[in-house]
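So the sequence shown is numbered by this note's numbering: it starts at 97 and just counts up by one. All C-beta atoms, glycine included, are put in the ideal place defined by N, C-alpha and C. Each remark here refers to the structure printed beneath this line.
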Amino acid sequence: MFRIVEGQLEAFLVHPGGPYFKKKDVGAWTIPKGEIEEGESMLDTAKREFQEETGIQPIGKFISIDSVTQKGGKTVHAWAFEGDWDESKPLKSNDFEIEWPPRSGKKQKFPEIDRAEFFSLDIAKQKINTAQIEFLDKLENYFKSE
């Protein structure tokens, strides 16, 4: 999701929840994303995952901003849409369960996303997973070409 504030493009990023990302900031943020379910289109997956991870209904015109392959080999396909978010409202994210602490035999639930924020593109490029910077560049180029 993106918005334009006082003529400046801002990107909506989310921070992964759970103990492994708790103290990570620069390079840890991401776009909302997830796994494609059988019979589901990539765009439908993007819309579903966005809503599941944020509680925000994605609507409007969707702009394809291509795909990138992250360090671990995962390919991420992305679309952008213009929207806004009332930051006074809490995120509504799915939970995941892991063994925590490690090797304790105890399972704990954590939110997939623990926070979200709009950032100027300069700051977003510092915060986002480095493989996904390309998405921000493509979004920026889309607006420069219009």
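Note to self: Judging by CA-CA distance, which residue of THR150, SER160, PHE98 and ILE127 is the nearest neighbour of LYS185?
What the structure shows: Locating residue 185 in the sequence shown gives position 89, where the first residue counts as 1. Selected option, being the one with the closest Cα: THR150.
Next item on the list: Going by CA-CA distance only, name the one from ALA107, PHE206 and THR165 that's closest to ASP218.
Entry: Within the sequence shown, numbered from 1, the residue matching residue 218 stands at position 122. The candidate whose alpha carbon is nearest that of ASP218 is ALA107.
Checklist line | Distance, GLY201 Cα to ALA220 Cα | finding: One-based indexing of the sequence shown puts residue 220 at position 124. One-based indexing of the sequence shown puts residue 201 at position 105. Cα to Cα, ALA220 sits roughly 37 Å from GLY201.
Item checked: Of the residues LYS188, PRO115, VAL110 and GLU131, the one placed nearest GLY123, counting alpha carbons only -> Position 27 of the sequence shown, counted from the start, is the residue given in the question as residue 123. Measuring from the Cα of GLY123, the nearest candidate turns out to be VAL110.
Next item on the list: May I have the straight-line CA-CA distance separating PHE146 from ASP121, to the nearest angstrom?
Entry: Taking the first residue of the sequence shown as position 1, residue 146 is located at position 50. Taking the first residue of the sequence shown as position 1, residue 121 is located at position 25. So the alpha carbons of these two residues sit roughly 20 Å apart.
Item checked: Three-pair Cβ contact test at 8 Å for the region 232-241 versus the region 159-167 -> yes
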